[in-house]
Amino acid sequence: MLNRNQILKKVEKLIDMYQKKELGGEIMPEDENPSLPRSSMENYLYFTLPMALNYQRNSYTLWENANKTYYDEETRFVFEPKVCLSKSFEEVQYALTKYKVALQKQKQTEIWLSLCNTFVELFDGDIRKLFDSLDNDVDKIRDFIQKENKKKFPYLSGTKICNYWLYVIYQYTDRKYKNMEKLTVAPDTHVVKATYRLGLITEEELNRSDVQIIVINRWNELLKGTEHKPIDIHTPLWLWSRNGFKEIK
Numbered sequence: 000m001l002n003r004n005q006i007l008k009k010v011e012k013l014i015d016m017y018q019k020k021e022l023g024g025e026i027m028p029e030d031e032n033p034s035l036p037r038s039s040m041e042n043y044l045y046f047t048l049p050m051a052l053n054y055q056r057n058s059y060t061l062w063e064n065a066n067k068t069y070y071d072e073e074t075r076f077v078f079e080p081k082v083c084l085s086k087s088f089e090e091v092q093y094a095l096t097k098y099k100v101a102l103q104k105q106k107q108t109e110i111w112l113s114l115c116n117t118f119v120e121l122f123d124g125d126i127r128k129l130f131d132s133l134d135n136d137v138d139k140i141r142d143f144i145q146k147e148n149k150k151k152f153p154y155l156s157g158t159k160i161c162n163y164w165l166y167v168i169y170q171y172t173d174r175k176y177k178n179m180e181k182l183t184v185a186p187d188t189h190v191v192k193a194t195y196r197l198g199l200i201t202e203e204e205l206n207r208s209d210v211q212i213i214v215i216n217r218w219n220e221l222l223k224g225t226e227h228k229p230i231d232i233h234t235p236l237w238l239w240s241r242n243g244f245k246e247i248k
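Written out as structure tokens, the structure reads:
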């Protein structure tokens, strides 16, 4: 493995390449959205519900399909938890599969409805109250979702998705966190591969079942004491991997 200074130099160059749009463009999957008011409940729900279905699939396609679902008056109701829960399972299933937001029509409809139920039960359907009630504190929010109420947040409570969801909420809504530095990289397949490519994890670690936790810890350690927060590197790593690991000059 490379030493810390060598890796940090590569990270700086990678961030510079990202800022110069040299990593294959910087359009992210979530840029496909209906441009709702940033502070609105509808905007928060739009960037929350599909996130729980964002695993083992093309993220760009998921958000394109979510946008189509929102723009179709017949299917838009799925983004309103209270309305969603008033419909039959079959109606919700049809709306989620019409544009393939849900690929596993039974399981993913159940996940969606479970989250809607959680949001109505705990926050009267308004997910913004989650952040308000926990002081916009990243650690408190993660503990609430991943530890205290894990079963109430299927897939959204996952190691990868929870961190990335919090990052997306930060990027696409008006939410500001108290301790942004606690927001870690979201260790999806691209981020894990890029972390290995940079020499921050070994080949043996790459193939371990707990690689996501290892990746999170390595980035926290590497960037400690630098001007960068772990989440700052997420998008550059993601684009670098997705577009074939362009040479770092």
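The numbering of the sequence shown is numbering that gives the first Met the number 0, which starts it at 0 and goes up by one.
Here a beta-carbon is modelled for each residue, glycine too, at the ideal position from N, C-alpha and C.
Bounding residues of the alpha helix (DSSP H) (the contiguous stretch that carries residue i)
{"i": "MET40", "result": "40-45"}
{"i": "LEU102", "result": "Here LEU102 belongs to no alpha helix (DSSP H), and DSSP marks it neither H nor E."}
{"i": "MET16", "result": "3-18"}
{"i": "SER240", "result": "233-241"}
{"i": "THR188", "result": "188-196"}
{"i": "PHE244", "result": "It is not in any alpha helix (DSSP H) - PHE244 carries neither H nor E in the DSSP assignment."}
{"i": "GLU63", "result": "58-70"}
{"i": "LEU142", "result": "The amino acid occupying residue 142 in the given sequence is Asp; Leu does not appear at that position. Note, ASP142: alpha helix (DSSP H), 137-142."}
{"i": "ARG127", "result": "127-132"}
Assigned exposure category for residue i - 16 Cβ within 10 Å defines buried
{"i": "THR201", "result": "exposed"}
{"i": "LYS245", "result": "exposed"}
{"i": "PHE88", "result": "exposed"}
{"i": "GLY243", "result": "exposed"}
{"i": "THR68", "result": "buried"}
{"i": "TYR70", "result": "exposed"}
{"i": "PRO36", "result": "exposed"}
{"i": "THR234", "result": "buried"}
{"i": "ARG3", "result": "exposed"}
{"i": "SER85", "result": "exposed"}
{"i": "LYS159", "result": "buried"}
{"i": "ILE212", "result": "exposed"}
{"i": "ASP30", "result": "exposed"}
{"i": "LYS181", "result": "buried"}
{"i": "ASN206", "result": "exposed"}
{"i": "ASN42", "result": "buried"}
{"i": "ASN162", "result": "buried"}
{"i": "SER240", "result": "buried"}
Reduced DSSP secondary structure (H/G/I, E/B, other) of residue i
{"i": "THR158", "result": "helix"}
{"i": "PHE122", "result": "helix"}
{"i": "THR172", "result": "coil"}
{"i": "MET50", "result": "helix"}
{"i": "ASP209", "result": "coil"}
{"i": "ASN178", "result": "coil"}
{"i": "SER87", "result": "coil"}
{"i": "LYS228", "result": "coil"}
{"i": "ASN32", "result": "coil"}
{"i": "TRP75", "result": "Reading off the sequence shown, one finds Arg at residue 75, where the question assumed Trp. In the structure shown, ARG75 sits in a helix (DSSP, three-state: H, G or I)."}
{"i": "ASN219", "result": "helix"}
{"i": "GLN145", "result": "helix"}
{"i": "TYR110", "result": "Note that residue 110 is Ile in the sequence shown, not Tyr. Reduced to three states, the DSSP call for ILE110 is helix."}
{"i": "THR183", "result": "coil"}
{"i": "GLU202", "result": "helix"}
{"i": "LEU22", "result": "coil"}
{"i": "GLN55", "result": "coil"}
{"i": "PRO153", "result": "coil"}
Contact under 8 angstroms by Cβ, residue i with residue j
{"i": "ASN66", "j": "LYS99", "result": "no"}
{"i": "TYR45", "j": "ASN57", "result": "no"}
{"i": "THR153", "j": "GLY124", "result": "Note that residue 153 is Pro in the sequence shown here, rather than Thr. Going by C-beta atoms, PRO153 is not nearer than 8 angstroms to GLY124."}
{"i": "LEU238", "j": "TYR17", "result": "yes"}
{"i": "GLN145", "j": "SER132", "result": "no"}
{"i": "LEU250", "j": "GLN107", "result": "Since the first and last residues shown for the chain are 0 and 248, residue 250 lies out of range."}
{"i": "ASN178", "j": "ASP142", "result": "no"}
{"i": "ILE230", "j": "TYR171", "result": "no"}
{"i": "MET27", "j": "TRP164", "result": "no"}
{"i": "VAL210", "j": "VAL190", "result": "no"}
{"i": "LEU112", "j": "VAL91", "result": "yes"}
{"i": "ASP173", "j": "SER38", "result": "yes"}
{"i": "ILE14", "j": "ILE232", "result": "yes"}
Within-8 angstroms CB hit, residue i to chain C
{"i": "ILE140", "result": "This model lacks chain C altogether, as it is built from one protein chain only."}
Check: residue i C-beta below 7 angstroms from any heavy atom of the ligand COA
{"i": "LEU222", "result": "The ligand content of the structure shown is nil, which means the ligand COA is not present either."}
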